[in-house]
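>
What follows is the structure, given as structure tokens:
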């Protein structure tokens, strides 16, 4: 009984402590003060005025009137000042964190550890303008690691795939929005996300998904997908990649001819449900600027030419390109392909130069943990922690779609003795 009373009193004290940590100048006042100190005022001394505020699950949205003479761009330039100013008092503890403390252990040490929680727990801000200045103060931190749960796939609609946790909550990416440029150094999350993307497409649209997978690092990343009925081919070298891309290009030309004949503008107007995804896992190995040897260089040139055409006209015909690189440089990342990719997802990169090649700005070199990515679309840029999915989870998802495939033998030396060189098939055991 005495222990319960003591514990209750102590908890009440901690709650009071957490509230005290939040006392003082509120965020609305801080924002106005920062604007004044940054010189965001008119000649007459006018600055922003709070119009309204609204609480959300992710934090609080403050709406301000901007005085005549100032622009939204003036405030965007000072975004770092607002962010740092809102975090300059140290982190407060909320009630949920207090209740999760273990009162049988050293309380003060646990509070100290909470106060030292990394940048993922700091407040962040987003600025928007629609005639009024919207300052979104985001209180939610990003997890250092996010484990995959099957419910993430189950909540996807149509051609969505799970992307991960942002400060606004869990989000999905709609593959209908166009092509994707994907980058990231080794072991930073790029390949894990690719496998999650493929598994999600197979699971949610098993009858309408077609996949051409090109992995010029040996094909090991895609090996568990090669017998899925949705997979057309898994190319592991330049020769097989060129054959696969020629097949896609021919199919695309036939589709375009059908559209022209039937007066259809795009895949949605035509009423076709099937989507063909072409995933290239290492652009460096397919770039004629990198490849040496006359014959291999010509194969690379033809591969890149086919990819450029897919990127340029494929979206409207139902083709989606995911163009990836571990070592993005100006020589590797084909400009025409990159310009036709509306979405950029990039994990940690080696330096700011690589970051600018991928998304035309620095930042990817500073991403703190594996799985943390920058998600950039025409609508804006967000930080996201993508889920980590294990190979066992992938196999569980795709197992119902694995079949024994008849594999066409392409090499002439395997067809010696056949009349007319007709095709033979061999069964590949799963």
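Numbering (our numbering), first residue to last: 57 to 486.
We put the beta carbon where it would ideally sit given N, CA and C, even for glycine.
Less than 8 Å between the CB atoms is what I'm expecting for residue 215 and residue 261, so what's the real figure, rounded?
The pair is a contact, with the Cβ atoms about 7 Å apart (cut-off 8 Å).
> Are the Cβ atoms of residue 234 and residue 371 separated by less than 8 Å?
Yes.
> At which residue ranges does the region 275-326 contain complete alpha helix (DSSP H) runs of 4 or more residues, listed in the order of the chain?
Runs of the alpha helix (DSSP H) inside the region 275-326: 294-318, 323-326.
> Which runs of the beta strand (DSSP E) fall wholly inside the region 81-119 and span at least 3 residues, in chain order?
You should have 105-112.
> Report the CB separation of residue 425 from residue 415 in whole angstroms; it is logged as a contact under 8 Å.
Not really, about 19 Å apart at Cβ, beyond 8 Å.
> Taking the straight line between their C-alpha atoms, what separation do you get for residue 367 and residue 334?
Going by the C-alpha atoms only, they are around 10 Å apart.
> Can you check the region 221-267 for any alpha helix (DSSP H) of at least 4 residues that lies completely inside it and give the ranges in chain order?
Fully enclosed alpha helix (DSSP H) runs of 4 or longer: 246-260.
> DSSP three-state label for residue 490, please.
The requested residue 490 is not part of the displayed model; the chain covers only 57 to 486.
> Please state the DSSP three-state secondary structure of residue 121.
In this structure, residue 121 counts as strand in the three-state DSSP scheme.
> Going by CA-CA distance only, name the one from 124, 403, 454 that's closest to residue 101.
Comparing Cα-Cα distances from residue 101 to each of 124, 403, 454, the minimum goes to 124.
> With a 10 Å radius around its C-beta and 16 neighbouring C-beta atoms as the bar for buried, classify residue 213 as buried or exposed.
With fewer than 16 Cβ atoms within 10 Å of its Cβ, residue 213 is classed as exposed.
> Distance check for residue 395 and residue 339, CA to CA, integer angstroms please.
Looking at the two C-alpha atoms, the distance is approximately 15 Å.
> Which full runs of the beta strand (DSSP E) of 3+ residues lie inside the region 338-414, going along the chain?
Those beta strand (DSSP E) runs which fall completely within the region 338-414 and span 3+ residues are 375-381, 399-402.
> Please classify residue 206: does DSSP put it in a helix, a strand, or coil?
It is helical.
> For the beta strand (DSSP E) that residue 428 lies in, which residues bound it at each end?
First-last of the beta strand (DSSP E) with residue 428: 428-433.
> Pull the bridge partners of residue 186 from the DSSP assignment, please.
Looking at the DSSP assignment, residue 186 forms no beta bridge with any residue, so it has no partner.
> Is the CB-CB distance between residue 272 and residue 358 below 8 Å?
Not a contact, by the Cβ cut-off of 8 Å.
> As a quick exercise: from 276, 242, 97, 118, pick the residue whose alpha carbon is nearest that of residue 447.
It is 276.
> Who pairs with residue 460 in a beta bridge, going by DSSP?
In DSSP, residue 460 forms no bridge with anything.
> If contact is defined by three or more beta carbon pairs under 8 Å, each pair taking one atom from either stretch, is the region 403-417 in contact with the region 218-234?
No: the two stretches stay apart, fewer than three of their Cβ pairs being nearer than 8 Å.
> Would you be able to state if there are at least three C-beta pairs under 8 Å between the region 436-452 and the region 249-260?
The region 249-260, when compared against the region 436-452, does touch it at the 8 Å Cβ threshold.
> Here's the rule: buried if 16 or more other CB atoms are within 10 angstroms of the residue's CB, otherwise exposed. What is residue 449?
Looking at its Cβ environment, which holds 16 or more other Cβ atoms inside 10 Å, residue 449 is buried.
> Around the Cβ of residue 336, are there at least 16 other Cβ atoms within 10 angstroms (buried) or fewer (exposed)?
Residue 336 comes out buried.
> Tell me whether the region 374-383 and the region 418-438 touch, counting them as touching only if at least three CB pairs, one residue from each stretch, are closer than 8 Å.
No contact exists between the region 374-383 and the region 418-438.
> In terms of alpha-carbon separation, which member of 383, 303, 343 lies closest to residue 408?
Out of 383, 303, 343, 383 has the C-alpha closest to the C-alpha of residue 408.
> If contact is defined by three or more beta carbon pairs under 8 Å, each pair taking one atom from either stretch, is the region 197-211 in contact with the region 106-126?
Touching, no, given that fewer than three Cβ pairs across the two stretches are closer than 8 Å.
> Output needed for residue 473: all residues of its chain with C-beta closer than 7 Å, excluding positions within five of it in sequence on either side, in chain order.
Note that residue 473 scores a pLDDT of 41, beneath 50, so its modelled location is shaky and nothing firm can be said.
> Identify, in the order they occur along the chain, each residue of the same chain with its Cβ nearer than 7 Å to the Cβ of residue 126, setting aside the five sequence neighbours on each side.
Cβ within range, chain order: 96, 98.
> Per the DSSP calculation, residue 454 is bridged to which residue(s)?
Note: residue 454 sits in no beta bridge, so no partner.
> In the DSSP assignment, the alpha helix (DSSP H) including residue 272 goes from what residue to what residue?
Looking at the DSSP string, residue 272 is not in any alpha helix (DSSP H), and its letter there is neither H nor E.
> Where does residue 159 fall in DSSP's three states?
The answer is coil: DSSP assigns residue 159 none of H, G, I, E or B.
> Just to confirm the assignment, what range does the alpha helix (DSSP H) spanning residue 141 have?
Segment 135-142, the alpha helix (DSSP H) holding residue 141.
> By the DSSP assignment, the beta strand (DSSP E) with residue 439 in it spans what residues?
436-441 is the span of the beta strand (DSSP E), which, as asked, contains residue 439.
> Determine the burial state of residue 243: buried for a count of at least 16 other Cβ atoms within 10 Å of its Cβ, exposed for fewer.
Exposed, by the Cβ-count rule.
> So, at 8 Å on beta carbons, what are the nonlocal neighbours of residue 363 in its own chain, with the 5 sequence-adjacent residues on each side left out?
Counting only Cβ-Cβ distances below 8 Å, and skipping sequence neighbours, we find 301, 334, 336, 342, 377, 379, 390, 393.
> May I have the straight-line CA-CA distance separating residue 104 from residue 110, to the nearest angstrom?
Going from the Cα of residue 104 to the Cα of residue 110 covers about 17 Å.
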